[in-house]
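Have a look at the structure below before the remarks.
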Amino acid sequence: NGILPCGVNHVRWKKATNSECSICEQQESISHILFECKNTTHLWKCVNETFNIDISIREVILGDLVSEELNIIISIIVYVIYKECLMHSFNGKNIKHPLSIGYYINEIKWFHKIYGKIYKFKKYVNSIKYLLERFEQDK
Numbered sequence: 003n004g005i006l007p008c009g010v011n012h013v014r015w016k017k018a019t020n021s022e023c024s025i026c027e028q029q030e031s032i033s034h035i036l037f038e039c040k041n042t043t044h045l046w047k048c049v050n051e052t053f054n055i056d057i058s059i060r061e062v063i064l065g066d067l068v069s070e071e072l073n074i075i076i077s078i079i080v081y082v083i084y085k086e087c088l089m090h091s092f093n094g095k096n097i098k099h100p101l102s103i104g105y106y107i108n109e110i111k112w113f114h115k116i117y118g119k120i121y122k123f124k125k126y127v128n129s130i131k132y133l134l135e136r137f138e139q140d141k
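Every number in the working numbering is 2 more than the matching position in the sequence shown, counting from 1.
Okay, here's the thing in structure tokens:
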């Protein structure tokens, strides 16, 4: 819908002349940032293997998974991906290389630390711990 900052929208808003992703030089749309870029494909592979699912961009954008647990975990991951992209964008910097799994681990650990004690999120703590262990094995 053209309201979130990304390369395509920056060109549309006349804030930039190039809509290419700084990592893989593909057109940078929201779906590209969150799911298609080589910056995130390894992360989604780990999620798929960890939870034995085959996630698509539809589930990433709409949170259209069967389980509330997976919806929350996917939402956290999407937030972490987009937050990093926005931070680079606001600072006028391009991400030159894919973010490390270590970056995602640290961000998810932060969520775990902050929200793990809240009653509603307690039931997701084990799944998040398991996902972190999976990421650390793949580093």
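All residues carry an ideal CB built from backbone N, CA and C; glycine is no exception.
Nearest candidate by alpha-carbon position, reference residue i, set the options
i	options	result
Ile75	Val49, Lys115 and Gly9	Val49
Ser148	Ser69, Glu38, Glu71 and Glu70	Because the chain is modelled from 3 through 141, residue 148 falls outside the range shown and cannot be assessed.
Leu6	Cys23, Ile32, Glu22 and His44	Ile32
Glu135	Cys23, Asp56, Leu45 and Gly4	Leu45
Glu71	Ser129, Val80 and Val10	Ser129
Leu64	Val80, Ile116 and Gln139	Val80
Glu86	Asp66, Asn73, Ser69 and Ile110	Ile110
Integer-rounded CB distance, given that residue j should sit under 8 Å from residue i
i	j	result
Cys8	Ile35	6 Å
Ile107	Thr42	14 Å between Cβ atoms; not a contact.
Residue i, enclosing alpha helix (DSSP H) - first and last residue
i	result
Leu64	Ile59 to Leu64
Trp15	Run containing Trp15: none; DSSP gives neither H nor E here.
Cys48	Lys40 to Phe53
Helix, strand or coil at residue i [DSSP, three-state]
i	result
Glu71	helix
Glu27	coil
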